[in-house]
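Student: Residue numbers (the working numbering): -8 to 122.
1. Please state the DSSP three-state secondary structure of residue 16.
2. How would you write the range of the alpha helix (DSSP H) that residue 80 sits in, first residue to last?
3. Would residue 34 and residue 105 qualify as a contact pair, given that the criterion is a beta-carbon distance under 9 Å?
4. Measuring straight from C-alpha to C-alpha, what distance separates residue 102 and residue 30?
5. Could you say which of 87, 96, 28 lies nearest to residue 110 if we only look at CA atoms?
6. Beta-carbon separation of residue 51 and residue 98 under 9 Å?
7. Alpha carbon to alpha carbon, what distance is there between residue 84 and residue 62?
8. Closer than 8 Å by C-beta to residue 16: which residues in its own chain qualify, once you throw out the five before and the five after it? Chain order, please.
9. Decide if residue 21 is buried, meaning its Cβ has at least 16 other Cβ atoms within 10 Å, or exposed.
10. Could you give the first and the last residue of the continuous beta strand (DSSP E) run that contains residue 90?
11. Classify residue 39 as buried or exposed, calling it buried when 16 or more other Cβ atoms lie within 10 Å of its own Cβ.
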């Protein structure tokens, strides 16, 4: 797996939509959970009515949660940036009409980036084969 700079157009195509509202995050909590070494991945298939109400169509949406338990703001933001980039690298593998929430663990800070991307790819793939 190669990590090279992509053009702006390619990155915009790959970038999934974000979960923004607390209610959206809470709805995903009721879905399937995949535990990993660096994070917990919560996955929930959206109902067509939810997609229409949010005006997002069938694109996947992703939310990140990094709690204060992980450290101060500098550390939390660093974890968030690393996970956001790993999420972008795996955006093409995410299922349409599905919401994902990544709940970070402290280990995500020091993990090699390639391992972080591989772990996320494994968790996303597991949710697809499980259905």
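Backbone N, C-alpha and C define an ideal beta-carbon position, used for all residues, glycine too.
If you're wondering where the values come from, they're calculated on a predicted model, not measured in any experiment.
Tutor: Working from what's here:
1. helix
2. 64 to 80
3. no
4. 11 Å
5. 28
6. no
7. 30 Å
8. 10, 54, 56, 92
9. exposed
10. 89 to 95
11. exposed
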